[in-house]
Amino acid sequence: MTDGRTTIALRGNRALYGRRAIDVGPGVVVLRAAEAPGSPMLNRVVGLGVDEPATEALLDAAIAELGDATFYVAVEPGARPASLAAWLRERGLEPGWGWMQFERGAEPAPPASTELAVREIGADLGAAFARVQRIAYGLPEAVEPWLASLPGTTGWTCWLAFAGDEPAAAGALYAEDGACYLGFGATLPEHRGRGAQGALLAARIDRALELGCTLLTTETGERRDELPSNSYRNILRFGFREQAVVANWVRPSQ
26 MTDGRTTIAL RGNRALYGRR AIDVGPGVVV LRAAEAPGSP MLNRVVGLGV DEPATEALLD
86 AAIAELGDAT FYVAVEPGAR PASLAAWLRE RGLEPGWGWM QFERGAEPAP PASTELAVRE
146 IGADLGAAFA RVQRIAYGLP EAVEPWLASL PGTTGWTCWL AFAGDEPAAA GALYAEDGAC
206 YLGFGATLPE HRGRGAQGAL LAARIDRALE LGCTLLTTET GERRDELPSN SYRNILRFGF
266 REQAVVANWV RPSQ
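Counted from 1, the sequence shown has number 218 at position 193 by the working numbering; the numbering is strictly sequential.
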């Protein structure tokens, strides 16, 4: 069965994606962002081979939903059957950069220091939130109206870090039934190294504890050459523990 980390992240994505989240089989969901066909971060197949062993027909149905997009098929540890990797290779997919999943309990966040001002935001600043995401992740401008809907979406709470009046960084939290997912951590290039993401992690952890969450989850790219990224280091520094790597099989641009 799908574990708590995967479940709460998928619930958050369902809230954001709405009809863009397509159920193709037991526990298997296609997340499709037509505005960003070149982004495998936003176009993904999740849950394959977890609740039930995958079949080639189910894999093909999921791939068909993604059309010509560049996408990830997320393969969790223990996904079945063992032949799944061979099926993916036969369809032209390659092993990409996996995501390390993390979790922590309800311990308070350590102190965070930044000269930036961290503020919880509502729907009125959705456009600013979306702009930070778009620039930080190199996404097309077409995603902004969609991502601008996240502040104000049920279950989600969003923050911006400001340098004066300028939005410099962003983060979000989805919480439900005592569990939460911390996502959408993004910083504009010119404001990196100023402590924004540490402060945003602290703000989200504090809010999660206020909401009574006892399972806090997040993710970032797996270690490469044993050198974690700033995001990876921050996540560990704020009390999260490494759990498992989800392998991301990628279909290159068509």
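Note that beta-carbon positions come from the ideal geometry of N, C-alpha and C, so glycine has one too.
Assumed close pair residue i, residue j - CB separation to whole angstroms, cut-off 8 Å
i           : j           : result
residue 152 : residue 166 : Not confirmed; about 11 Å, so no contact.
residue 124 : residue 235 : Not really, about 27 Å apart at Cβ, beyond 8 Å.
residue 68  : residue 56  : 7 Å
residue 176 : residue 150 : 6 Å
residue 104 : residue 73  : 6 Å
residue 141 : residue 194 : 7 Å
residue 154 : residue 173 : 7 Å
residue 181 : residue 199 : 5 Å
residue 264 : residue 237 : 17 Å between Cβ atoms; not a contact.
Buried or exposed by the 16-neighbour rule on C-beta atoms within 10 Å, applied to residue i
i           : result
residue 81  : exposed
residue 262 : exposed
residue 244 : buried
residue 184 : buried
residue 62  : buried
residue 212 : buried
residue 44  : exposed
residue 26  : Bear in mind that a pLDDT of 39 at residue 26, under 50, signals an unreliable position, so the number given afterwards is only what the model happens to contain. Exposed, by the Cβ-count rule.
residue 101 : buried
residue 111 : exposed
residue 254 : exposed
residue 128 : buried
residue 280 : Look at the range of the chain in this structure, 26 to 279, and you will see that residue 280 is not part of it.
residue 192 : buried
Residue i (DSSP reduced to helix, strand or coil)
i           : result
residue 192 : strand
residue 82  : helix
residue 119 : strand
residue 154 : helix
residue 148 : helix
residue 37  : helix
residue 26  : Bear in mind that a pLDDT of 39 at residue 26, under 50, signals an unreliable position, so the model cannot answer this.
residue 220 : coil
residue 61  : coil
residue 175 : coil
residue 105 : coil
residue 136 : coil
residue 168 : helix
residue 235 : helix
residue 162 : coil
Beta-bridge partners of residue i, as assigned by DSSP
i           : result
residue 186 : 143, 194
residue 93  : Bridge partners of residue 93: none, in fact.
residue 47  : 55
residue 100 : 272
residue 128 : 242, 266
residue 181 : 199
residue 285 : In the structure as shown, the chain begins at 26 and stops at 279. Residue 285 is therefore absent and cannot be evaluated.
residue 229 : Answer is none; residue 229 lacks a bridge partner.
residue 69  : 56, 97
residue 212 : 194
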